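Those protein sequence lines, which keep their order, are chains A and B. Going by the numbering used here, the first residue of the first sequence is number 16, and it counts up by one from there. Going by the numbering used here, the first residue of the second sequence is number 28, and it counts up by one from there.
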Amino acid sequence: MNCRDLEELLSAYADGELSKTQREFIEEHLTGCADCRETLAEFEAAGRQLSSLRETPVESDIRTATLSKIKATEALPDKPYRRWLRPALAITAVVAVIAVLLATQPWGMESPEAMAASIVRNSPEVQAALNGEEIAEIEVTTKIVDDEGNVLMMLVRTEERDLAAEVNLETKQVTEIVRVNIPDFQSGDEQKALDIAKDDPRVQELLAQGGVIGGVHLGHSIDIAQVTGPDGVTRKEGTVTPTVLLSIDLEGKEWNIAIDPHEGKVLSVAQSQPSAAMIVVHASRFATNIVAPILLVLGTLIIFGLAFGNRSAKAAAGISSLVLGVIGLFIGLYAMSSIWWRLVLIVGIPAVGLVIGITGIRQRVGGRRLAVSGIILCALALVWNLFHAIIVPDGYIGVIIGISVIIVGIIAYAFYDKIKKVSLKWLRPALGVTAAMIVLAILLITQPWGLSPQSVMAKAYAATTELQSYRMFSSIKSTLEGKTSEATFETEFVAPDRHRGKATTNGDWVEFIIIGDKQYIRDSDPSRTTSVGVSSSSILSKEDALEIIDSLTDLEKLPDEKIENVDCIHYRGTVDVGRVIEEQKAKLNPTQPHYEEMLKGLEDMRNMKTEVELWIGKEDYLIRQLRQDMEVPMEGTSRVTVKYYDFNEPITIEPPLDSDGQLLAGWELAGSITPDSKQPVFGRNITSSIGAQEGYQDWAHQEVKYSITITNNSIETVKNVRLTIATMLTDETNKPATMEVKPETSNDVIAPGESRTYHSRCPFDASDYTKEEILELQEVTTILVHFTTEDGKELTELLFPDAPYPTKKPPPTPPKRQESNSNEE
Amino acid sequence: MEEAQVIALVRAGEADAFAKIIEHYQAPIIRYLYRMTGDYEMAKDLAQDTFIQAYKGILKTDAELSFKAWLYRIATNNALQHRRRKKLLSFIPFASREQDISNSEIEANCPGEALAINEALLKIPEEQRTCLVLHFVEGFKYREIAETLGCSDEAVRKRVARGRKLFIDLYNWEGGGR
Chain A
16 MNCRDLEELL
26 SAYADGELSK
36 TQREFIEEHL
46 TGCADCRETL
56 AEFEAAGRQL
66 SSLRETPVES
76 DIRTATLSKI
86 KATEALPDKP
96 YRRWLRPALA
106 ITAVVAVIAV
116 LLATQPWGME
126 SPEAMAASIV
136 RNSPEVQAAL
146 NGEEIAEIEV
156 TTKIVDDEGN
166 VLMMLVRTEE
176 RDLAAEVNLE
186 TKQVTEIVRV
196 NIPDFQSGDE
206 QKALDIAKDD
216 PRVQELLAQG
226 GVIGGVHLGH
236 SIDIAQVTGP
246 DGVTRKEGTV
256 TPTVLLSIDL
266 EGKEWNIAID
276 PHEGKVLSVA
286 QSQPSAAMIV
296 VHASRFATNI
306 VAPILLVLGT
316 LIIFGLAFGN
326 RSAKAAAGIS
336 SLVLGVIGLF
346 IGLYAMSSIW
356 WRLVLIVGIP
366 AVGLVIGITG
376 IRQRVGGRRL
386 AVSGIILCAL
396 ALVWNLFHAI
406 IVPDGYIGVI
416 IGISVIIVGI
426 IAYAFYDKIK
436 KVSLKWLRPA
446 LGVTAAMIVL
456 AILLITQPWG
466 LSPQSVMAKA
476 YAATTELQSY
486 RMFSSIKSTL
496 EGKTSEATFE
506 TEFVAPDRHR
516 GKATTNGDWV
526 EFIIIGDKQY
536 IRDSDPSRTT
546 SVGVSSSSIL
556 SKEDALEIID
566 SLTDLEKLPD
576 EKIENVDCIH
586 YRGTVDVGRV
596 IEEQKAKLNP
606 TQPHYEEMLK
616 GLEDMRNMKT
626 EVELWIGKED
636 YLIRQLRQDM
646 EVPMEGTSRV
656 TVKYYDFNEP
666 ITIEPPLDSD
676 GQLLAGWELA
686 GSITPDSKQP
696 VFGRNITSSI
706 GAQEGYQDWA
716 HQEVKYSITI
726 TNNSIETVKN
736 VRLTIATMLT
746 DETNKPATME
756 VKPETSNDVI
766 APGESRTYHS
776 RCPFDASDYT
786 KEEILELQEV
796 TTILVHFTTE
806 DGKELTELLF
816 PDAPYPTKKP
826 PPTPPKRQES
836 NSNEE
Chain B
28 MEEAQVIALV
38 RAGEADAFAK
48 IIEHYQAPII
58 RYLYRMTGDY
68 EMAKDLAQDT
78 FIQAYKGILK
88 TDAELSFKAW
98 LYRIATNNAL
108 QHRRRKKLLS
118 FIPFASREQD
128 ISNSEIEANC
138 PGEALAINEA
148 LLKIPEEQRT
158 CLVLHFVEGF
168 KYREIAETLG
178 CSDEAVRKRV
188 ARGRKLFIDL
198 YNWEGGGR
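Below, the structure written as structure tokens:
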């Protein structure tokens, strides 16, 4: 037997742990084996050495500490609520974290443009320069000041004045403010710019390489220069150049070409690069996208760790304190913004870190250094973030105070053991109540449970009403009595009163431009006598959309959706048809033509079903999309989908005029007077009655009495207005008579919208006529209006006949004073 | 008072009676945990935890083991858990191993040989170290160790032998007995 195999037995022998047989065997072997004797000696020495450790002095007495801990834990079963208190707290906290994240969506970051706009809006310098005027528009200009794109030049417009403001996105400061005059674009600038660009060799090269013109839009370029005035004072002066920006896509890269259409030159050709600020935004968006779920996981882990008191969970809490501190600093650095919930977030994260760090220390978990590092880091993040919070001009002092109170409360709670010794019984309940109140207040302010559909609608209403410009595109698909038709409609709107639109149905189109009360129309079929008005054509414009919102019932919230990459709240509702009908009825005027018909038409709508889906932007509450599904039983269905976009983008709407102020080909100004106009200049109301002349009762002395009211429906003032009546009913048989009609006043000028009434008597001898003949003769009466336009053209318009004549029968037995009236418009 | 009587009292709701048990066992348990962890403050904390767990255990279960073996089993588990956590934390830069001031103070009062013995001991793998400490320091018989650790007597014998050999090597290699 090899001696090595005996080592185990030798060891046990040294320890006196062998059975009698084994002991005897070893003892026998030892007598004959010196090696083993040596090993045994070694073993025994090692045993003695190890046993010497018994002498370690242990002076600590852990009785009291241990017993008090035992009692503390033992107290728990006596109070059953404590058993579920921690898990309940944990669940509440997790739910709160999720709710806050959902409500705040920290991952939704601003674009540099929006960031710059908000800096400009909140800048005290800009406010001072504006003298309290309200900002009407903020535009990002094409002028990029530095290489990184961190400095943007913005145009600030109010009713009174225009400013150029240079914004540094890094320092979040407005670095320069100069008053400027903004020249207007002229119609056709875009086309001109395109032509200029196509003549440029650089652009030609891009296009030759397969570049595709992606878009044309209008912007402004600003140059700021030092100018010494005649008074010897040097000041800065800004020059604004209207610039047309052309983007060309070439192999996935975008080239920007800036063109000055007035000077007729290409200002710059550059490949667009994401600006440094953009990269930061993207980075932070990316980071927050990642960070948010991490936070959630960390928070959950920590809270459950605290709730269930597992040692390793507590250690995780210490580490998380550290991580949260880092995240807090990161967010503090990159995601500072004036929106206060973000503030809560950037303060909240380090605050949570603080709590965890302190708890870590209290629980003696994961090493003090870890927890202390966490606390320091979190405190640093907190101070940094608070510092930025305080310099936010809108002032969130309330929030900051609230958060500070929470932090103090947390620290107090963390060191509760120490405080307890000197403090009173009510401290804990008081702290608890305070904490509860703060939580309640925060919940009330943030409303993480989301907004009610009504308040979202109200916000949408407000946001939409304030829009300065937008574009919309609607498509209408309808099936009426088995026939399907499709139409599209696109419009642009610029506040306060500019519209441009094009409606297309089956290849036919009508274009219109409305500027104030001027309506320009162009029709694909020039011979058609269409009339396009705002109300009839702007299908589901902003106003209509608002009206629809107003009439919705049974609002139901559907899962959020993205429309053109914008997160939208999605609702579905039905139109309260009954209410709409009543409202429309109230709007009808009983004196207007076809009143009865329209009333009946409205009543027919009662069994119509209209379902509306709405997509409202989560951040700005602007309506992004609207879909209306209508179903009229037995008749048909229609679906209208409207997309709204380019909100508050610079949109230019100019009248379709050339440089001489003449209408461009195909365009017509609604209401203007032209010799070949399809639209009548005058509205008319003609009444006539046939009866005996005054003082007579015989057939020879009859007369037709006319009362003619005309209204100038054009937009021009007309002069020299004369009315003539040519009638066959004369005193002399078969001899037509033309007579002039006298107005009520001698004024022969009628301004747009004004009316004038004319009266006339046409005496005639009815002796030779039967009453049928009289009627026939009266039907060939012609009433004309002669007038002179503003630019001196003499024109004539036919007032009668243009519509069916008398509806009532003539007098059955002349020559009594019996009357026949006709009423036409 | 007999241990069994004390335990009966504790079970009856006399928490203060447990003080007797702590009084009796605290020194060996702290010592044991110190030898296992090499960190005196930690040993005290772990000892507290051990007694708290033991207290709860007494209330909950009728332990089949002898109280002593059971108490040491809890202490052993706590020591092993601490070790695992420490390993975990050593991956994190801030969690530097707590070089314990308190320990050096204790060892300062000890002869140099004790220091060398302790250092060698701490390098022995846990399984074997547990057996060595229980046998030599705490004076456990092999059978008692087996009961505490829930293994066979043979396993204990093997571990003690191996641990002892390793100790001799480590001690000599460290230049023990300087």
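All residues carry an ideal CB built from backbone N, CA and C; glycine is no exception. Computed from a predicted structure; not experimentally measured.
Nearest neighbour of residue i, chosen from the options [CA to CA]
{"i": "leucine 21 (chain A)", "options": "A:Ile41, A:Asp30, A:Thr36, A:Ser34", "result": "A:Ile41"}
{"i": "isoleucine 239 (chain A)", "options": "A:Met169, A:Ala60, A:Asn271", "result": "A:Met169"}
{"i": "valine 843 (chain A)", "options": "A:Glu185, A:Thr258, A:Ser138", "result": "The shown model of chain A, from 16 to 840, leaves out residue 843 (chain A), and the question about it has no answer."}
{"i": "proline 139 (chain A)", "options": "A:Val719, A:Glu191, A:Leu495, A:Asn604", "result": "A:Glu191"}
{"i": "glycine 31 (chain A)", "options": "B:Thr157, B:Asn104, B:Asp66, B:His162", "result": "B:His162"}
{"i": "threonine 71 (chain A)", "options": "B:Ile48, B:Phe78, B:Thr157, B:Ile57", "result": "B:Ile57"}
Below-8 Å beta-carbon distance, residue i vs any chain B residue
{"i": "aspartate 20 (chain A)", "result": "no"}
{"i": "threonine 71 (chain A)", "result": "yes"}
{"i": "glutamate 269 (chain A)", "result": "no"}
{"i": "arginine 52 (chain A)", "result": "no"}
{"i": "alanine 61 (chain A)", "result": "yes"}
{"i": "glutamate 75 (chain A)", "result": "The sequence shown places serine at residue 75 (chain A), not glutamate. So, interface residue."}
{"i": "glutamine 64 (chain A)", "result": "yes"}
{"i": "glutamate 23 (chain A)", "result": "yes"}
{"i": "alanine 27 (chain A)", "result": "yes"}
Alpha-carbon spacing of residue i relative to residue j, whole angstroms
{"i": "glutamate 628 (chain A)", "j": "tyrosine 660 (chain A)", "result": "17 Å"}
{"i": "proline 200 (chain A)", "j": "valine 171 (chain A)", "result": "Strictly speaking, residue 200 (chain A) in this sequence is phenylalanine, with proline absent from that position. Looking at the two C-alpha atoms, the distance is approximately 17 Å."}
{"i": "lysine 602 (chain A)", "j": "valine 281 (chain A)", "result": "54 Å"}
{"i": "serine 500 (chain A)", "j": "isoleucine 688 (chain A)", "result": "35 Å"}
{"i": "phenylalanine 121 (chain B)", "j": "alanine 147 (chain B)", "result": "Low local confidence applies: a pLDDT of 40 at phenylalanine 121 (chain B) is under 50, so the model's placement there is unreliable, and no value is given."}
{"i": "alanine 781 (chain A)", "j": "glycine 616 (chain A)", "result": "45 Å"}
{"i": "leucine 45 (chain A)", "j": "glutamate 171 (chain B)", "result": "28 Å"}
{"i": "aspartate 50 (chain A)", "j": "glycine 190 (chain B)", "result": "20 Å"}
{"i": "asparagine 735 (chain A)", "j": "methionine 754 (chain A)", "result": "16 Å"}
{"i": "serine 539 (chain A)", "j": "proline 670 (chain A)", "result": "18 Å"}
{"i": "lysine 492 (chain A)", "j": "arginine 642 (chain A)", "result": "11 Å"}
{"i": "glutamine 53 (chain B)", "j": "leucine 159 (chain B)", "result": "20 Å"}
{"i": "glutamate 30 (chain B)", "j": "valine 37 (chain B)", "result": "11 Å"}
{"i": "tyrosine 198 (chain B)", "j": "lysine 86 (chain A)", "result": "44 Å"}
{"i": "threonine 589 (chain A)", "j": "threonine 625 (chain A)", "result": "6 Å"}
{"i": "tyrosine 535 (chain A)", "j": "leucine 684 (chain A)", "result": "4 Å"}
Beta strand (DSSP E) segment containing residue i, residue limits
{"i": "valine 33 (chain B)", "result": "Per DSSP, valine 33 (chain B) belongs to no beta strand (DSSP E); it is in the alpha helix (DSSP H), 30-38."}
{"i": "alanine 518 (chain A)", "result": "513-520"}
{"i": "asparagine 700 (chain A)", "result": "697-707"}
{"i": "leucine 482 (chain A)", "result": "Here leucine 482 (chain A) belongs to no beta strand (DSSP E), and DSSP marks it neither H nor E."}
{"i": "tyrosine 535 (chain A)", "result": "533-538"}
{"i": "alanine 180 (chain A)", "result": "177-183"}
{"i": "aspartate 575 (chain A)", "result": "567-578"}
Nearest-angstrom Cβ-Cβ length linking residue i and residue j, presumed shorter than 8 Å
{"i": "leucine 178 (chain A)", "j": "valine 155 (chain A)", "result": "Between valine 155 (chain A) and leucine 178 (chain A) the Cβ distance is about 14 Å, and since that is not below 8 Å, they are no contact."}
{"i": "threonine 54 (chain A)", "j": "leucine 25 (chain A)", "result": "6 Å"}
{"i": "serine 722 (chain A)", "j": "histidine 774 (chain A)", "result": "6 Å"}
{"i": "serine 489 (chain A)", "j": "threonine 656 (chain A)", "result": "6 Å"}
Endpoints, the alpha helix (DSSP H) within which residue i is located
{"i": "glutamate 53 (chain A)", "result": "49-66"}
{"i": "phenylalanine 194 (chain B)", "result": "180-200"}
{"i": "serine 26 (chain A)", "result": "22-29"}
{"i": "valine 218 (chain A)", "result": "216-223"}
{"i": "tyrosine 660 (chain A)", "result": "Looking at the DSSP string, tyrosine 660 (chain A) is not in any alpha helix (DSSP H); the run it does join, the beta strand (DSSP E), is 651-660."}
{"i": "lysine 786 (chain A)", "result": "786-794"}
Within-8 Å CB hit, residue i to chain A
{"i": "alanine 188 (chain B)", "result": "yes"}
{"i": "tyrosine 82 (chain B)", "result": "yes"}
{"i": "valine 164 (chain B)", "result": "yes"}
{"i": "glutamine 155 (chain B)", "result": "no"}
heavy atom of the ligand FAD below 7 Å from residue i C-beta
{"i": "lysine 808 (chain A)", "result": "For the structure depicted, the ligand FAD is absent and the ligand set is empty, with no information on it obtainable."}
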